[in-house]
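Residue numbers (this note's numbering), protein chains in the order written: chain C, 2 to 191; chain D, 2 to 191.
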DNA sequence: TTGCGAAAACTAATTTGATTAGTTATATTA
DNA sequence: TAATATAACTAATCAAATTAGTTTTCGCAA
């Protein structure tokens, strides 16, 4: 074994996170991670299932972190206040961890049930918060889908440089949430 | 020169579109395109600037097609009806051309001004439709950003398999648009 | 008719990255 | 102390992009 601090899944994810958030998801390679850890690329196979395994792990890691962030944001709040807090936390995560956020969007590329579960936990968190409105099962799902869509869409477009006009982006986000929630209240009388 | 139908930017884009829409954007390579056109990969350099050039071209092509689709959908309509039509056309494009849709989302990866302009034309189309509400410049931008966010977010999540529950997806989309427009009318009294 | 020049194909070689096979060194533990 | 598992290594292979340099073909003009 080598001398320095031993490499393990933890340290690999740490290195990978640093790479994707600073240089983009596209820069994630076994070579770049190995280089950051001062080992040779093949040595990584002792810890992960190659590049696809690395991608799966980083996506799971991203889901877990994102979920803990929105969960913490909504904790102790309810209704609209919780929704605003969760949305803000979500957008913030995408800003602070752009690479990790992109990794989370690639969920469908991999089969790993651990990844599917990690993704489901995020949806569950949103579902819990939306319970406050007392909607029936089906309408609750429409609402959760709507919330996820607008938040992800906004984060995604902002991240890809889609908002060029010199108009405050946070204000736009706030408007979008206002419109959605106002519509929600009007439509379901909640 | 070879015998068959001559290869040019047109035929390359045709082949590339078929590849990305059937096998995913990730499968787009000079090798896969060359193979489909029955030529050797290096020969493509006579028509495009390598892989990044190919990606730029396919993204422009995607933007142009998407713009023509939403423009046609909104034509002859105004206000909410136009917005619904445009949104539906947008979502439909993402369903019919998943690879092309993904390519459009990679705009920020390339510098090409032609690509920036193609992307701007899409935004312009939305801006035109939103003019109907008579909002001032700033609020108009919030509205356009909101619309783009929710439509893109929904299309993106649907595409990545984000909607697993056995609840009608089109109904969810309709609800999201209803909520947004209802909120829009309430907030701006239009 | 012939042959020039551009366009567009080719082959060969290089580079980068993932991956596999097989080997070696270390560290724990029986 | 010796056995075993872990985790590193080197060497080799494969795939894809890219570059250099070459050849083929076609249209057009002398």
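C-beta atoms are modelled at their ideal positions from N, C-alpha and C, and glycine is treated no differently.
Bear in mind that the values here come from a model prediction, so they are computed numbers and not experimental data.
With its beta carbon less than 8 Å from one in chain C, residue 139(D) belongs to the interface.
Here residue 173(C) is buried, its C-beta having at least 16 other C-beta atoms within 10 Å.
Cβ atoms of residue 183(D) and residue 184(C) come within 8 Å of each other, at about 4 Å. Comparing C-alpha distances from residue 176(D) to each of 155(D), 160(D), 161(D) shows the shortest one belongs to 155(D). Closest in alpha carbon position to residue 160(C), among 39(C), 100(C), 27(C), is 100(C). Put simply, of 105(D), 136(D), 186(D), 80(D) the residue whose alpha carbon is nearest the alpha carbon of residue 56(D) is 105(D). Under the DSSP assignment, residue 43(C) falls outside any alpha helix (DSSP H); it carries neither an H nor an E label.
When secondary structure is reduced to three states using DSSP, residue 166(D) falls in the coil class, being assigned neither helix nor strand.
A Cβ of chain C is located within less than 8 Å of the beta carbon of residue 147(D). Bounds of the alpha helix (DSSP H) holding residue 34(C) are 31 to 38. Taking 3 residues as the shortest admissible run, the segment 97 to 136 of chain C contains no complete beta strand (DSSP E) segment at all. Segment contact: the segment 129 to 148 of chain D against the segment 122 to 134 of chain C, fewer than three CB-CB distances shorter than 8 Å; contact not assigned. Residue 103(D) is classed as buried because its beta carbon has at least 16 other beta carbons within 10 Å across all chains shown. Here the alpha carbon of residue 92(D) sits roughly 34 Å from the alpha carbon of residue 19(C). Neighbours of residue 11(D) in chain C, taken as residues at a C-beta separation under 7 Å, are lacking, since the least C-beta distance is about 27 Å.
In this structure, DSSP gives residue 188(C) a helical state, which the three-state scheme calls helix.
Taking a contact to require three or more Cβ pairs closer than 8 Å, the segment 59 to 75 of chain D and the segment 122 to 130 of chain D qualify as touching.
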